[in-house]
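If you count the sequence shown from 1, position 168 lands on 168 in full-length UniProt numbering, and the numbers rise without skipping.
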Amino acid sequence: MTSASVLSSLAGMLASGGIEVVDCSGVLGPETPLLKLPPDFAKDTPPIKIHRISEYDKDGPFWAWNWLELGEHSGTHFDAPHHWITGKDYADGYTDTLDVQRLVAPVNVLDFSKECAANPDFLLTIQHVQDWEAKNGPINAGEWVVLRSDWDKRAHDEALFLNANETGPHTPGPTAEVIEYLLAKGIVGWGSQCIGTDAGQAGGMNPPFPAHNLLHKNNCFGLASLANLDKLPAKGAILIAAPLKIKQGTGSPIRALALVPKG
1 MTSASVLSSL AGMLASGGIE VVDCSGVLGP ETPLLKLPPD FAKDTPPIKI
51 HRISEYDKDG PFWAWNWLEL GEHSGTHFDA PHHWITGKDY ADGYTDTLDV
101 QRLVAPVNVL DFSKECAANP DFLLTIQHVQ DWEAKNGPIN AGEWVVLRSD
151 WDKRAHDEAL FLNANETGPH TPGPTAEVIE YLLAKGIVGW GSQCIGTDAG
201 QAGGMNPPFP AHNLLHKNNC FGLASLANLD KLPAKGAILI AAPLKIKQGT
251 GSPIRALALV PKG
């Protein structure tokens with residue numbers, strides 16, 4: 001089968017509904033949960049603001065449009081390698097210089113939602129991943145890997161979504177060993193349904209914040225605040241996760257879309 005015939009078949013399946021397009025993004029607006037950092041440690045991303053320019057009125061009689069205030073890492077978003085100090089030296093590590101060929105790839109959906117519901121500090125281990133691979137097949141080079149925690153069900157309430165107390169946030173994520181294991185396989189990137197790619201308590205890991213540290217050290221990508229992963233199969237879907245082409249951007253809100261075969 002030629003590449004042209006593959007594309008023709010894909011177009012036909014999309015048109016007929018044989019392939020479903022699943023929206024893996026949350027709504028981006030003033031109520032969108034945002035990361036909260038200790039004020040003595042670092043600055044936070046400012047709240048999202050949507051300002052109206054006009055809506056069929058004296059400021060624009062025939063059209064409606066807005067202007068926005070938001071951080072690159074707001075809502076469902078993409079982390080480029082330059083986001084973290086370990087990835088700062090990659091010339092192709094910005095949103096305007098990265099290789100777009102890598103943004104569209106098969107996605108492995110690791111469903112540990114039950115474990116995350118039972119324990120918000122759930123940590124994904126190599127054994128978890130290997131057991132998943134034994135059941136679903138190997139994770140291959142050039143693929144996305146995402147953790148299904150169903151944490152997006154909390155996104156309507158920022159406090160519930162961040163799940164923080166005096167000891168910090170309590171959200172699931174990967175161990176450093178898992179990220180190293182996946183990087184050795186040649187993955188494109190790692191994604192989470194939580195506010196960031198790391199577990200809430202990842203600051204105390206070695207290295208601290210291993211998903212950020214190790215992914216970007218290896219010129220790989222991160223996805224955060226993903227939604228609707230419960231609508232994806234463990235394997236067989238294609239994930240499209242493209243950031244805005246911001247000049248020297250460290251990341252971007254995205255409309256993450258998955259192509260899922262039906263039937």
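All C-beta atoms, glycine included, are put in the ideal place defined by N, C-alpha and C.
This one's a predicted model, so the numbers in the text were calculated from it and none came from an experiment.
Taking the CB atoms as reference points, tell me whether residue i and residue j lie closer together than 8 Å.
i, j, result
"V146", "L70", "no"
"G75", "D152", "no"
"P33", "A164", "no"
"R148", "L110", "yes"
"V100", "A237", "no"
"H73", "T97", "no"
"K185", "I126", "no"
"T175", "C194", "no"
"L259", "V21", "yes"
"G249", "D79", "no"
"N136", "K235", "yes"
"G189", "W144", "yes"
How many Å lie between residue i and residue j at the Cα?
i, j, result
"A179", "Y56", "Position check: residue 179 holds Ile in this sequence, whereas Ala was assumed. In a straight line, the C-alpha of I179 is about 50 Å away from that of Y56."
"A91", "A118", "42 Å"
"H212", "W63", "41 Å"
"residue 280", "L37", "Residue 280 cannot be examined here, being either before or after the span of the chain that is shown, 1 to 263."
"N218", "G87", "7 Å"
"I187", "A159", "32 Å"
"W84", "L215", "9 Å"
"G12", "K262", "13 Å"
"E177", "G18", "38 Å"
"P30", "I50", "7 Å"
"P243", "K114", "30 Å"
"E166", "D150", "24 Å"
"G191", "P61", "42 Å"
"P120", "G204", "16 Å"
"K247", "T95", "7 Å"
"A4", "V104", "17 Å"
"F209", "G196", "10 Å"
"M1", "V129", "33 Å"
"P39", "A134", "44 Å"
"I48", "L28", "8 Å"
"L257", "K58", "37 Å"
"A202", "L124", "12 Å"
Could you pull out every residue in the same chain whose Cβ sits closer than 7 Å to the Cβ of residue i, ignoring the five residues on either side in sequence?
i, result
"H77", "A224, S225, G251, S252, P253 and I254"
"L183", "L214, N218 and C220"
Buried or exposed for residue i, please, with buried defined as at least 16 other CB atoms from any protein chain shown within 10 angstroms of its CB.
i, result
"G200", "buried"
"G173", "buried"
"P81", "buried"
"D23", "exposed"
"P169", "buried"
"A42", "exposed"
"A15", "exposed"
Within its chain, find whatever has a CB closer than 8 Å to the CB of residue i; leave out the 5 residues flanking it on each side and keep chain order.
i, result
"A141", "K185, G186 and I187"
"L68", "I48, K49, I50 and H51"
"K245", "T95 and D96"
"N66", "I50, H51, R52 and I53"
"G93", "A80, P81, H82, G87, H216 and N219"
Could you name the residues of the same chain whose beta carbon sits closer than 6 Å to that of residue i, not counting the 5 residues immediately before and after it, in chain order?
i, result
"R102", "V188"
"F161", "P33, R154 and A155"
Runs of beta strand (DSSP E) lying entirely within the stretch 176-245, each at least 3 residues, in chain order: Every beta strand (DSSP E) stretch that sits fully inside the stretch 176-245 and reaches 3 residues is listed by chain position as 189-191, 221-224 and 237-240.
Ordered list of alpha helix (DSSP H) runs contained in the stretch 123-167, each at least 4 residues: Unbroken alpha helix (DSSP H) runs of no fewer than 4 residues, entirely contained in the stretch 123-167, are found at 126-136 and 158-162, following chain order.
Uninterrupted beta strand (DSSP E) stretches inside the stretch 63-97 (no shorter than 3 residues): Every beta strand (DSSP E) stretch that sits fully inside the stretch 63-97 and reaches 3 residues is listed by chain position as 77-79.
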